[in-house]
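Here is the structure we will look at, set down as structure tokens.
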Amino acid sequence: TVGTYLSRRAMGDGGAVGKGKDDDLDSAYELLGLEDDAGEKEIKTAYRKISLKCHPDRNPDDEEAAEKFDRLTRAKDLLLDPIRRSELDRKRKAARDLEERHAQEDAKRRKLREDLEGRESAANARSQAYKRAQED
Numbered sequence: 259t260v261g262t263y264l265s266r267r268a269m270g271d272g273g274a275v276g277k278g279k280d281d282d283l284d285s286a287y288e289l290l291g292l293e294d295d296a297g298e299k300e301i302k303t304a305y306r307k308i309s310l311k312c313h314p315d316r317n318p319d320d321e322e323a324a325e326k327f328d329r330l331t332r333a334k335d336l337l338l339d340p341i342r343r344s345e346l347d348r349k350r351k352a353a354r355d356l357e358e359r360h361a362q363e364d365a366k367r368r369k370l371r372e373d374l375e376g377r378e379s380a381a382n383a384r385s386q387a388y389k390r391a392q393e394d
């Protein structure tokens with residue numbers, strides 16, 4: 259509804275489904291060369307150090323400098339916001355746990371899981387194709 263959309267916009271969610279603006283910042287720690295337990299001072303120091311190297315004014319010949327600088331700034335802002343940082347940390351921990359669990363699977367179980375995921379993907383693709391055909 260319009261009310262839900264407006265309330266989500268007010269919270270900064272944008273009401274969009276799917277990828278958000280900061281979805282490319284899963285590697286915010288790596289962008290700034292930081293460990294997971296870095297403090298505010300370390301984040302700001304790393305940002306200043308790296309931002310000087312990729313600032314668009316210092317690199318007028320680099321067409322991607324503005325994009326790199328923007329991404330770096332968003333990474334810093336994300337890590338300095340405790341709520342957004344805890345969400346990122348939660349996602350990173352879940353991804354690490356999933357990788358670890360998959361690494362511990364035996365070959366038979368891995369094959370079963372991969373087959374199931376393949377069938378689920380195919381079913382989703384067929385379902386979406388059917389929905390698109392119904393809309394046309």
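So the sequence shown is numbered by this note's numbering: it starts at 259 and just counts up by one.
Where is the CB? At the ideal position from N, CA and C, for every residue including glycine.
- In the DSSP assignment, ALA286 falls within the unbroken alpha helix (DSSP H) covering 286 to 290.
- Taking 7 angstroms as the cut-off, the Cβ atoms of LEU337 and ARG329 do not count as close.
- The DSSP-derived three-state label of ASP364 is coil.
- LEU374 and ALA380 have their C-alpha atoms some 10 angstroms from each other.
- Between the region 311 to 319 and the region 342 to 360, the count of C-beta pairs closer than 8 angstroms stays below three; the two stretches do not touch.
- TYR388 counts as exposed, since fewer than 16 other beta carbons sit within 10 angstroms of its beta carbon.
- If you draw a 10 Å sphere on the C-beta of LEU370, you find fewer than 16 other C-beta atoms in it, and that means exposed.
- The Cβ neighbour count for ILE301, taken over all protein chains shown within 10 Å, is at least 16; the residue is labelled buried.
- Burial check for LYS366: the Cβ neighbour count within 10 Å stays below 16, so the residue is exposed.
- Around GLY291, the same chain offers ALA304 and ILE308 as residues with beta carbons nearer than 8 angstroms, after the five sequence neighbours per side are excluded.
- An exposed status is given to ALA353, since fewer than 16 other beta-carbon atoms sit within 10 Å of its beta-carbon.
- Assignment of ARG359 by DSSP, reduced to helix, strand and coil, places it in the helix class.
- In this structure, ARG332 lies away from LEU289, with their beta-carbon atoms at least 7 angstroms apart.
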